[in-house]
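In terms of my numbering, the sequence shown opens at residue 36 and continues consecutively. Think of the CB as a built atom: it goes at the ideal place given N, C-alpha and C, for glycine as much as any other residue. Notes for the one structure printed next.
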Amino acid sequence: MSEQTQVDNQGSADVKKHSFEAEVAQLLHLVTHSLYSNADIFVRELVSNASDACDKLRFEATNDDSLYEDDGELKIRIDVDTEAKTISFIDNGIGMNEADAIENLGTIAKSGTKAFLDKLSESQKQDGQLIGQFGVGFYSGFIVADTITVESRKAGEPANQGVRWVSDGTGSFTVETITKDTRGTRITLHLKEEYSEGEDNYLDRGKIKRLVNKYSDHISLPIQMRKEVWQEDVKEEGADENDSSDAPAGGQMVLTDEWETINKASALWTRSASEIEDDEYVDFYKNITYDMDDPLTWTHNRVEGRVQYTQLLYIPKKAPMDLYTREQQHGLKLYVKRVFIMDDAEQLLPMYLRFVKGVIDSADLPLNVSRELLQESRDVKSIRDGNARRVLTLLASLANSEDSDKQEKFAQFYSEFGDVIKEGLGEDMGNQARIAKLLRYATSTNDKVETSFEDYKARMKDGQKAIYYLTADNLAAAKNSPQLELFKKKGIEVILMTSRVDEWAMNFLTQFDDTPLQNIAKGAVDLGDLQDEEEKAEAEAAQEAMKPVVDKLKTTLGARAKDVKVSTRLVDSPACLVVGEGELSPQMIQMLKQMGQEVPESKPTLEVNPEHPLIKKLETSEQFDELAQVIFDQALLADGGQLDDPAAYLKRVNELLMK
């Protein structure tokens, strides 16, 4: 056993038995019964944990050099013992004491554990990559091991305060105090029979090296294994040295006490982009995100100026399942002068870019920077702004490319993250114009979500002064909206916005490239030069002729309607609801109520079509009040709203049908 892992086994005989936390027990059951097809992941996870332990020591040692204990060369070692059928992962990082071992290896404190367990239960063995995403990578060792032994000592604590943790993964573990001369942790996996022979033999050093190169080559610490050398057979004493028989010379590979580094041991982002192969970028992405899919695209830059930093930013192919949950962890890995500071530094990206993954390495931030300091730092604001511009530039390069592969990548990106990008219209006013150019929609003439504001402007009719749009719950509702009827009749294209975030986002975008944006369901319809004088005269005449009916409708509807008017926008429908500029639409009110928010009182205006038979019938109907209420309710339903009293609506409709 090497000096780094020498342990005095004459430690305390007081072995304490503990039961796993309930969620750990459930997790271990899933790991051992569902993830056997992803056995390789234990190498990635345990190397990653060892790297984290070294990063934590390096960070703590910035304030206390004595934690290095005269051993400042941080490293990770993997030791394979074919006779004992064990594989050990050894680091000289921060280490653990007994309390740490019980807390870190016996319980799971992360809030994402329940979500992980639910997801793992659903997806079973094919989603083994999830295990690292939720901070429970250590337990992946039980995929291949029937027993795991952990021996550790915390940096800065006495040698006799080491701890040994042992478990077979079935529901309990033991801990005891040991004497360990060196700081750090040794995790020893006692391999199951099926993983110590045949194709799944993890005692094969070549296999372990290949897995390290695949998953962990980017780690800046040296990952070492014992060096093997070829040793020729030595002839036995007394053998004839002049024997010239044709027997081939024999020999074998033997282990030495020398340790060799098997990874590149340099942080990928510190290398020049011209020296890095695409496969290396992809492997690094998978290692830091635990995503089985390749990234959609990435950007790698060194930024010079008042603030100097390196950025390596990735756009994933698919949105995570928790993209819209408040508890979702997001952000970038933060390093300062190659020293790891924190995961998920959310201050380095605006919220609407929370799907971006990657690394930032700053040359200017202090090593003792905290999350609180990040929120107040001018340098961090500069980095966040720079990251936002870089991501938007990267997306624009895909959107505007004539290359079909890049266009396809942008379409894939937009289908996954288009709604999130729209949040930026209200969150990032400085980049609002950049964001608006990335947005894509269906229109009244094209069901595909591919029309940009730029495309729409290029197709606008002569004399058209505004970009017309309509929000709705879905495409079918938008295409059949009464609000579209006049525009269809005149052949005017309308952008159809069918995402829940659209109406909120459009409150912040009032124009595009100096052309105003107009929601056709809000305020009066002013087609300007697109409406001739004859149509205007007809509308005025209809307004005068319908005045008695309009007045009676106002009285009947009372508080339900803000006003009643003769419509100039309807062709086939009897009525529609219109809200004023800046007011909430029925579907927006419904959405806010579903979110449990207080909704200010907002009454719509009812517009009626004077040419529709149902409206004409009102003039002579004996059931005026009932018919008026039904017309209003139908207009509300057509606009995506909900009835306060559906039973009363059905009763009115039934009574009218019976007469």
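- Under the three-state reduction of DSSP, A596 is assigned to coil, being neither helix nor strand.
- Excluding sequence positions up to five before and after L460, its CB lies within less than 8 Å of the CB of Q467, I470, A471, A540, M541, F543 and L544, all in the same chain and listed in chain order.
- Of the candidates L433, E661, L531 and Q518, the residue whose Cα lies closest to the Cα of R687 is E661.
- Residues H335 of the same chain have their beta carbon placed closer than 7 Å to that of A308, with the five preceding and five following residues left out of the count.
- DSSP places F390 in the coil class of the three-state scheme, outside both helix and strand.
- Burial of D90 is indicated by the presence of at least 16 other C-beta atoms within 10 angstroms of its C-beta.
- In chain order, I350, P351, K352, K444, Q447 and F448 place their CB closer than 7 Å to the CB of L331, counting only its own chain and leaving out the 5 sequence neighbours on each side.
- In the structure shown, M356 adopts coil according to DSSP, grouped into three states.
- Burial check for W265: the Cβ neighbour count within 10 Å stays below 16, so the residue is exposed.
- By the Cβ rule, the stretch 491 to 507 does not count as touching the stretch 416 to 426, because fewer than three pairs are nearer than 8 Å.
- DSSP places P648 in no beta strand (DSSP E) but in the uninterrupted alpha helix (DSSP H) bounded by P648 to L653.
- Apart from the 5 residues on each side of it in sequence, P635 sits with its Cβ closer than 8 Å to the Cβ of L619 in its chain, given in chain order.
- DSSP, reduced to helix, strand and coil, places Q499 outside both helices and strands of the structure shown, so it counts as coil.
- Y237 has no beta-bridge partner at all, per DSSP.
- Q343 places its beta carbon 7 Å or farther from that of R112.
- Fully contained in the stretch 69 to 146 are the following beta strand (DSSP E) runs of length 3 or more, in chain order: 111 to 116 and 121 to 126.
- Only exposed fits D497, as fewer than 16 other CB atoms lie within 10 angstroms of its CB.
- CA-CA distance, F94 to Q363, rounds to 25 Å.
- R413 counts as exposed, since fewer than 16 other beta carbons sit within 10 angstroms of its beta carbon.
- DSSP places H335 in the strand class (E or B) of the three-state scheme.
- Judged by DSSP secondary structure, N689 falls outside any beta strand (DSSP E) and instead within the alpha helix (DSSP H) spanning P681 to M693.
- Apart from the 5 residues on each side of it in sequence, F452 sits with its Cβ closer than 7 Å to the Cβ of A354 and F390 in its chain, given in chain order.
- The continuous beta strand (DSSP E) containing M532 extends over residues I530 to M532.
- In this structure, DSSP gives Y325 a state outside helix and strand, which the three-state scheme calls coil.
- Rounded to the nearest angstrom, the gap between the Cα atoms of G593 and T360 is 41 Å.
- DSSP places G219 inside the beta strand (DSSP E), whose first and last residues are G219 to L226.
- Under DSSP, D537 shares a beta bridge with no residue.
- The Cβ-Cβ distance between I222 and L81 falls below 7 Å.
- The three-state reading of DSSP puts E192 in coil, since its state is none of H, G, I, E or B.
- Judged by DSSP secondary structure, E211 falls within the beta strand (DSSP E) whose first and last residues are S207 to K215.
- By the neighbour-count criterion, in which 16 or more other beta carbons inside 10 Å mark a residue as buried, M131 falls on the buried side.
- Residue burial annotation: S397 is buried, with at least 16 other C-beta atoms found within 10 angstroms of its C-beta.
- Annotation: D420 is outside any beta strand (DSSP E); the continuous alpha helix (DSSP H) that includes it extends over R413 to A434.
- A Cβ-Cβ separation of about 13 Å leaves C611 out of contact with A559 under the 8 Å criterion.
- The way I'd put it, the stretch 180 to 193 does touch the stretch 218 to 234; three or more beta-carbon pairs between them come closer than 8 Å.
- Counting of Cβ neighbours within 10 angstroms places L678 among the exposed residues, the total staying below 16.
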